[in-house]
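Participant: In full-length UniProt numbering, the protein residues as written are 10 to 266.
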Ligand code: PEP
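#1: Looking at the structure shown, is residue 222 part of a helix, part of a strand, or coil, going by DSSP?
#2: Is residue 105 helix, strand or coil by DSSP?
#3: Thinking C-beta only, is residue 142 closer than 8 Å to residue 179?
#4: Apart from the five residues just before and just after residue 63, which ones in its own chain have a Cβ nearer than 6 Å to its Cβ?
#5: Could you tell me if residue 39 is buried or exposed, where buried requires 16 or more neighbouring beta carbons within 10 angstroms of its beta carbon?
#6: So is the beta-carbon of residue 248 under 7 Å away from any non-hydrogen atom of the ligand PEP?
#7: List the DSSP bridge partners of residue 76.
#8: Please list, in chain order, all residues of the same chain as residue 190 whose beta carbon is under 8 Å from its beta carbon, the five residues on each side excluded.
#9: What whole-angstrom Cβ distance do residue 106 and residue 136 have, given they're in contact under 8 Å?
#10: On the DSSP bridge list, what partners appear for residue 20?
#11: Check the C-beta distance from residue 168 over to residue 140 and give it rounded, since I have them as a contact under 8 Å.
#12: Leaving aside the five residues before and after residue 162 along the sequence, list all residues of the same chain whose C-beta is less than 8 Å from its C-beta, in chain order.
#13: Bridge partners for residue 245 per DSSP, in chain order?
#14: Which one of 96, 202, 113 and 87 has the shortest CA to CA distance from residue 219?
#15: For residue 26 and residue 78, I'd like the C-alpha separation in whole angstroms.
#16: Going by DSSP, what residue range makes up the alpha helix (DSSP H) through residue 172?
#17: In the DSSP assignment, the alpha helix (DSSP H) including residue 183 goes from what residue to what residue?
#18: Looking at the structure shown, is residue 139 part of a helix, part of a strand, or coil, going by DSSP?
#19: Measure the alpha-carbon distance for residue 193 versus residue 148 and round it to whole angstroms.
#20: Helix, strand or coil: which one does DSSP assign to residue 67?
#21: Does the ligand PEP have a heavy atom nearer than 7 Å to the CB of residue 20?
#22: For the ligand PEP, is there a heavy atom less than 7 Å away from the beta-carbon of residue 108?
#23: So, with DSSP's three-state summary, where would you put residue 34?
#24: I think residue 318 touches residue 243, with their Cβ atoms under 8 Å apart; what is that distance to the nearest whole Å?
#25: With DSSP as the reference, label residue 259 as helix, strand or coil.
#26: Taking Cβ to Cβ, would you say residue 231 is nearer than 8 Å to residue 17?
#27: To the nearest angstrom, how far is it from the Cα of residue 44 to the Cα of residue 118?
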């Protein structure tokens with residue numbers, strides 16, 4: 010991680026009721042020791058319906074686990090049925106918000122422009138965007154994964170200054186590895202995370218690139234975490250399926266600590 014504090018974020022997607030969410034956070038908190046929670050930053054990203062319950066639990070019991078939303082609207086308020094604003098997430102004490110997840114890009118037709126607007130909205134509402142980028146299988150097979158991913162990065166950060174970019178988290182999530190059980194090799198993960206950092210250095214300067222945390226996501230499990238995190242430019246993981254199992258998630262967090 011080269012001086013950066015590792016970050017493990019559990020993206021629960023559309024899973025768990027608010028009651029189940031409380032149970033899972035309690036188990037994760039119980040499984041991790043204080044020094045581990047200091048060494049690694051642990052974050053959960055529940056569905057919107059569970060954020061209030063997670064907030065109440067975490068704040069009430071002074072649990073050192075952060076939380077955030079899975080998406081936010083490009084608008085602030087008004088006639089946007091079903092949408093959730095950055096202000097609403099901030100009011101629930103969210104620290105993070107996932108932006109541009111490949112499932113949003115694919116299932117909700119989020120373009121690079123929409124993703125860029127959401128990054129800006131997150132920053133405007135003082136939420137840390139976890140900006141997801143990553144190629145599909147066709148791009149990977151064509152050997153275009155680095156230029157494809159760095160182009161997504163460029164588009165999402167267009168027009169931002171270096172100080173702002175320093176506060177963004179980037180998640181490299183190759184689409185072919187998400188929920189498929191097919192994890193990228195540690196070399197694949199490092200190759201693209203390294204290229205992302207190099208691109209950040211080119212555009213925003215080496216000091217900025219040096220502090221941005223870059224996560225890998227895609228079928229991360231307890232058994233493959235150490236290898237993935239060994240890459241010098243891999244600063245943590247965005248974990249989907251495995252974050253729903255308390256023991257598995259605790260084990261991933263412990264490996265990062
Ligand atoms: C994700 O969707 O962010 C993800 C990485 O999912 P999984 O770990 O299930 O592949």
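Virtual Cβ for every residue (Gly too), placed ideally from N, Cα, C. None of the values given here were measured: they were computed from a predicted structure.
Facilitator: On the basis of the supplied data:
#1: Along the chain shown, read from residue 1 onward, the residue named residue 222 stands at position 213. DSSP places residue 222 in strand when its eight states are reduced to three.
#2: On the chain shown, residue 105 is found 96 positions in, with the first residue counted as 1. In this structure, residue 105 counts as strand in the three-state DSSP scheme.
#3: Taking the chain shown and counting its residues from 1, one reaches residue 179 at position 170. Taking the chain shown and counting its residues from 1, one reaches residue 142 at position 133. In this structure, residue 142 lies closer than 8 Å to residue 179 by Cβ.
#4: Counting from one through the chain shown, the residue named residue 63 turns up at place 54. Counting only Cβ-Cβ distances below 6 Å, and skipping sequence neighbours, we find 30, 34, 55 and 76.
#5: For the purposes of this step, residue 39 is taken as residue 30 along the chain shown, with counting starting at 1. So residue 39 ends up on the exposed side.
#6: Here residue 248 refers to the residue found at position 239 when the chain shown is read from its first residue. For the ligand PEP, at least one heavy atom lies less than 7 Å from the Cβ of residue 248.
#7: For the purposes of this step, residue 76 is taken as residue 67 along the chain shown, with counting starting at 1. Bridge pairing for residue 76: 53 [DSSP].
#8: Position 181 of the chain shown holds residue 190. Excluding sequence neighbours, residue 190 sits near 228.
#9: For the purposes of this step, residue 106 is identified with residue 97 of the chain shown, where counting begins at 1. For the purposes of this step, residue 136 is identified with residue 127 of the chain shown, where counting begins at 1. That belief holds up - the Cβ atoms of residue 106 and residue 136 are roughly 5 Å apart, short of 8 Å.
#10: To locate residue 20, count along the chain shown from 1; it is residue 11. 54.
#11: Against the chain shown, residue 168 aligns to sequence position 159. Against the chain shown, residue 140 aligns to sequence position 131. Not quite, the Cβ-Cβ distance comes to about 14 Å (not below 8 Å), so this is no contact.
#12: By one-based count along the chain shown, residue 162 stands at place 153. 140, 142, 179, 205, 208 and 209.
#13: By 1-based counting over the chain shown, the position of residue 245 is 236. Partner(s): 16.
#14: Here residue 219 refers to the residue found at position 210 of the chain shown. Looking at the Cα atoms, 202 is the closest of the given residues.
#15: For the purposes of this step, residue 26 is taken as residue 17 along the chain shown, with counting starting at 1. For the purposes of this step, residue 78 is taken as residue 69 along the chain shown, with counting starting at 1. Rounded to whole angstroms, residue 26 to residue 78 spans 15 Å at the Cα level.
#16: Numbered from its first residue, the chain shown carries residue 172 at position 163. 171-174 is the extent of the alpha helix (DSSP H) around residue 172.
#17: Within the chain shown, residue 183 is the residue found at index 174, counting from 1. Neither: residue 183 is in no alpha helix (DSSP H) and is coded neither H nor E.
#18: Your numbering for residue 139 matches position 130 in the chain shown. In the structure shown, residue 139 sits in a strand (DSSP, three-state: E or B).
#19: Position 184 of the chain shown, counted from the first residue, corresponds to residue 193. Position 139 of the chain shown, counted from the first residue, corresponds to residue 148. Computed Cα separation, rounded: 14 Å.
#20: As a working mapping, residue 67 is identified with position 58 in the chain shown. Residue state, collapsed to three classes: helix.
#21: Here the question's residue 20 lines up with position 11 in the chain shown. Inclusion of residue 20 in the 7 Å shell around the ligand PEP follows from its C-beta lying nearer than that to a non-hydrogen atom of the ligand.
#22: The residue you call residue 108 lines up with position 99 of the chain shown. No.
#23: Sequence index remark: in the chain shown, residue 34 carries index 25 (1-based). Three-state result, residue 34: helix.
#24: Residue 318 lies beyond the stretch modelled for the chain, which goes from 10 to 266, so this question has no answer here.
#25: Walking along the chain shown from the start, residue 259 turns up at place 250. Correct three-state label for residue 259: helix.
#26: Looking up residue 231 in the chain shown gives position 222. Looking up residue 17 in the chain shown gives position 8. It is not a contact, given that the beta carbons lie outside the stated cut-off.
#27: By one-based count along the chain shown, residue 44 stands at place 35. By one-based count along the chain shown, residue 118 stands at place 109. Spanning the two alpha carbons is a distance of roughly 41 Å.
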